[in-house]
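Scroll down for the structure; my scribbles are underneath it.
There are 2 protein chains.
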Amino acid sequence: MAEIWILRLGHRPERDKRITTHVALTARTFGAKGIIVSTKDEVLEDSVMDVVHRFGGDFTIRTGVSWHSFLKEFKAKGGRIAHLTMYGMPVDDVAKNVSLDKDLLIVVGAEKVPAELYQIADFNISVGNQPHSEVAALAILLDRLSQGSWVEKEFEGGTIKVLPCARGKNVINPAEREDMP
Amino acid sequence: MAEIWILRLGHRPERDKRITTHVALTARTFGAKGIIVSTKDEVLEDSVMDVVHRFGGDFTIRTGVSWHSFLKEFKAKGGRIAHLTMYGMPVDDVAKNVSLDKDLLIVVGAEKVPAELYQIADFNISVGNQPHSEVAALAILLDRLSQGSWVEKEFEGGTIKVLPCARGKNVINPAEREDMP
Chain A
1 MAEIWILRLG
11 HRPERDKRIT
21 THVALTARTF
31 GAKGIIVSTK
41 DEVLEDSVMD
51 VVHRFGGDFT
61 IRTGVSWHSF
71 LKEFKAKGGR
81 IAHLTMYGMP
91 VDDVAKNVSL
101 DKDLLIVVGA
111 EKVPAELYQI
121 ADFNISVGNQ
131 PHSEVAALAI
141 LLDRLSQGSW
151 VEKEFEGGTI
161 KVLPCARGKN
171 VINPAEREDM
181 P
Chain B
182 MAEIWILRLG
192 HRPERDKRIT
202 THVALTARTF
212 GAKGIIVSTK
222 DEVLEDSVMD
232 VVHRFGGDFT
242 IRTGVSWHSF
252 LKEFKAKGGR
262 IAHLTMYGMP
272 VDDVAKNVSL
282 DKDLLIVVGA
292 EKVPAELYQI
302 ADFNISVGNQ
312 PHSEVAALAI
322 LLDRLSQGSW
332 VEKEFEGGTI
342 KVLPCARGKN
352 VINPAEREDM
362 P
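Sequences listed follow chains A and B, in order. When you line the first sequence up against this note's numbering, it's residues 1 to 181, in that order. When you line the second sequence up against this note's numbering, it's residues 182 to 362, in that order.
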């Protein structure tokens, strides 16, 4: 299957640190390969990679990337662009038409995005036409694109694994577990 | 149908302002009746109510509420408690067992929550057992509980309405629209 990538536009390290971290970790949980952030932010890189090292998988982050060239290159390589916006077409109508035979880049803006983005995008997708959260919108879009199969994703490696539990916490160290009888 | 409410624990106005705003607006979009925040925060109240006034609906917010008494009262009135946690049982297994014949309170913590919450809750629910975002987790839980029907929710009143659009923005003022032929 093709890969899904996230492009985060307009990130301001001071103001958006936590929201962009949520965007990145949501992308990882729901099966994206990695996130590209237009603004340089090493603190953000470190906090995302810390989760990857502890919880496994091969999610990647790059910050300080010229978004315009990145979009152009992605398209030139045959990838498609989806832009998440409260002004777009309903996710349930659009997601079924987004075939994942080619790589997909999901653009997630913080605040206002350049007007040309609505034209560059192959799909402008809304998760409800109400103002809410790019984190929530991204989760729902990735859920629909994967038809809920993100749940089965395995994160290889890492030092911590959480197992489902009805009450309290069940956390194991996968390496230790292999030694158990 | 019964009502769904959100209880936000451990909100710190300075650090969590934006994330809790996202939690509240996500709750509103995905059909919850309102949010209760344990810490007093009038700035948060204002920014959520500003969206309600502009985009309609009857979503409410109360801040500075003793969470312990609120939980107790909610249970005493026959309501059920669901606690969103990365340590809980898989949302797709649990959500189908949460019948909405009674009101439901979804508890969403910021950082660590008191250990007793895992015992008070009728359901400890995880949206993946990976660390990501309470905003994403709440969206997915509300999506599953409503079986995707949040999309059809109408928000009455308000001064702005966004209509789906393939490119660009289509925003109307509902009051003006009624005057149109």
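Note that the Cβ used here is the ideal one computed from N, Cα and C, for glycine as well. Owing to the predicted nature of the structure, the values given are computational and were not obtained by experimental measurement.
Contact between the stretch 192-209 of chain B and the stretch 307-326 of chain B is present: three or more C-beta pairs spanning the two stretches fall below 8 Å. Contact with chain B is found for TRP150(A), since one of that chain's Cβ atoms lies less than 9 Å from the residue's Cβ. With respect to chain B, the C-beta atom of MET86(A) has a partner C-beta closer than 9 Å. When the beta-carbon positions are compared, LEU117(A) and LEU44(A) stay at least 9 Å from each other. In chain order, ILE6, ARG8, ILE35, VAL108, GLU134, VAL135 and LEU138 place their CB closer than 8 Å to the CB of VAL23(A), counting only its own chain and leaving out the 5 sequence neighbours on each side. Assignment of MET49(A) by DSSP, reduced to helix, strand and coil, places it in the helix class.
Apart from sequence neighbours up to five positions away, the residues of its chain that approach ILE341(B) with a beta-carbon distance below 7 Å are ARG235, PHE236, VAL352 and ASN354, ordered along the chain. Setting aside the 5 residues that flank it on each side, ALA276(B) is surrounded in the same chain by ILE306, LEU322, ARG325 and LEU326, each with a C-beta closer than 8 Å to its C-beta; the list follows chain order.
Residue state for ASN129(A) is assigned as coil, using DSSP reduced to three classes. DSSP places THR241(B) outside any alpha helix (DSSP H); the residue lies instead in the beta strand (DSSP E), whose first and last residues are 241-244.
Distance from the CA atom of GLY309(B) to the CA atom of PRO13(A), rounded to whole angstroms, is 27 Å.
In the three-state scheme derived from DSSP, where H, G and I count as helix and E and B as strand, LEU322(B) is classed as helix. Note on geometry: alpha-carbon atoms of LEU100(A) and PHE155(A) lie some 21 Å from one another. Under the Cβ distance rule, THR39(A) does not count among the residues neighbouring chain B, no pair being separated by less than 9 Å. Uninterrupted alpha helix (DSSP H) stretches at least 4 residues long and entirely within the stretch 198-283 of chain B occur at 223-236, 248-257 and 272-275, given in chain order. If you look at LEU188(B), you'll find it in the beta strand (DSSP E) that goes 185-190. Cβ contact annotation for ASP16(A) (same chain, cutoff 6 Å, sequence separation greater than five): ALA110, in chain order. Within the stretch 118-139 of chain A, contact with chain B at the beta-carbon level (separation under 9 Å) is assigned to TYR118, GLN119, ALA121, PHE123, ASN124, SER126, VAL127, GLY128, ASN129, GLN130, PRO131, HIS132, SER133, GLU134, VAL135, ALA136, ALA137, LEU138 and ALA139. LYS221(B) and THR244(B) do touch by the CB rule: their CB atoms are close to 5 Å apart, below 8 Å. For HIS11(A), no chain B residue has a C-beta closer than 7 Å to its own C-beta; the minimum C-beta separation is roughly 13 Å. Excluding the 5 residues flanking it on each side, THR201(B) has same chain C-beta neighbours closer than 8 Å at ARG189, HIS192, VAL218, ASP222, LEU225 and ALA291, in chain order.
For THR159(A), no Cβ of chain B is located within less than 9 Å of the residue's own Cβ. Per DSSP, ILE301(B) is one residue of the alpha helix (DSSP H) stretching across 298-301.
For ASP273(B), the residues of chain A that pass the 9 Å Cβ criterion are GLY148 and VAL151, in the order they occur in the chain. Looking at the DSSP output, LEU286(B) sits in a beta bridge with TRP186(B) and ILE262(B). Taking all protein chains shown into account, GLY329(B) has fewer than 16 neighbouring C-beta atoms within 10 Å of its C-beta and is therefore exposed.
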